[in-house]
Structure formats: C-alpha cells, structure tokens
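Read through the structure below, which is laid out as structure tokens, and then see the notes.
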Amino acid sequence: MAEGVIELDGNGYEDATKSGVVLVDFWAPWCGPCKMQTPILEKVAAEVGEKAVIAKVNVDENPELAAKYGIRSIPTLILLKDGENKQQFVGLQQQAALVSAIDAEQ
1 MAEGVIELDG NGYEDATKSG VVLVDFWAPW CGPCKMQTPI LEKVAAEVGE KAVIAKVNVD
61 ENPELAAKYG IRSIPTLILL KDGENKQQFV GLQQQAALVS AIDAEQ
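With the first letter of the sequence shown counted as 1, position 58 gets the number 58 in the UniProt record's numbering; the numbers rise by one all the way through.
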C-alpha cells in the first residue's frame, strides 16, 4: 500500500473510522483518476502526519462499504471525524484542498 496510507475493508473499517479524523478514498484498480489520486494522498499523509489517518477502500473488494456510503463514482473521498461524515469529494482532488479540509476538522 502507499506510504502513510492504510487499506481498509469491511472488517476493520468501523474501528479505524470511529475516532479522530480519517480521510477515506473509495477507489478501484481499473480507475485511471484513482491511480492519479494515490500519490496525492501520500503527500497529504506526509503533510498532515498524526492529525489524520489516510485510508483507501477498494470498492470492488468491499461493495458493502461502497453501498453504505452511496458511492456512485470513483474516486470518492469521505472525510470523517469521530465516525461522522463531515465532507465528501467526488473526482480527483488536489493536495491543498484535502489538507485544508482536514485542518478545518482539527
């Protein structure tokens, strides 16, 4: 997995997102923009450090999580704080926008 970015699935998702700030990228290996998002997420992880967890969920392997959040297009990134959905981004996102959103939840 990408540096500073964790992979989540249906088993560990609830525990990983129930406390603190977590940015979750819903993606698939065949998705071009998703592949472009990964290095941006690595930079976000390096910049925010301990302030937030950066995670990825493969929608092909975890369709139940994608359905739970109503994911219709990918990449979709969801910013959670203490398990609550705070913000959702659809499509390729830039580092500055993601870091700004994370900082706003601190």
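The C-beta atom is built at its ideal place from N, Cα and C for all residues, glycine as well.
Less than 8 angstroms between the C-beta atoms of VAL44 and VAL99, yes or no?
Yes, the pair counts as a contact, with Cβ atoms nearer than the cut-off.
Let me make sure I understand the geometry here. Which of VAL21, ALA28, LEU92 and ILE40 has the alpha-carbon closest to that of residue 129?
Past the boundaries of the shown model lies residue 129; the chain is included only from 1 to 106, so the question cannot be answered.
Look at the Cβ atom of LEU23, then the Cβ atom of LEU92, and state whether they are nearer than 8 angstroms.
No, Cβ-Cβ distance for LEU23 and LEU92 is not below 8 angstroms.
List, from N- to C-terminal side, the alpha helix (DSSP H) runs of 4 residues or more that fit wholly inside the stretch 9 to 97.
The stretch 9 to 97 contains these whole alpha helix (DSSP H) runs: 13 to 17, 32 to 48 and 63 to 68.
What does a CB cutoff of less than 8 angstroms around SER73 pick up in its chain, not counting 5 residues either side in sequence?
Cβ neighbours of SER73 beyond the five flanking positions: VAL90 and GLY91.
Thinking ASP9 and ASN62 are a contact (beta carbons under 8 angstroms), I'd like their distance in whole angstroms, please.
That belief holds up - the Cβ atoms of ASP9 and ASN62 are roughly 5 angstroms apart, short of 8 angstroms.
Between ALA55 and ALA104, is the Cβ-Cβ spacing less than 8 angstroms?
Not in contact: ALA55 and ALA104 (Cβ atoms no closer than 8 angstroms).
Do you know whose CA, among ASN58, LEU65, GLU64 and ALA97, lies nearest TRP30's CA?
The shortest Cα separation from TRP30 among ASN58, LEU65, GLU64 and ALA97 belongs to ASN58.
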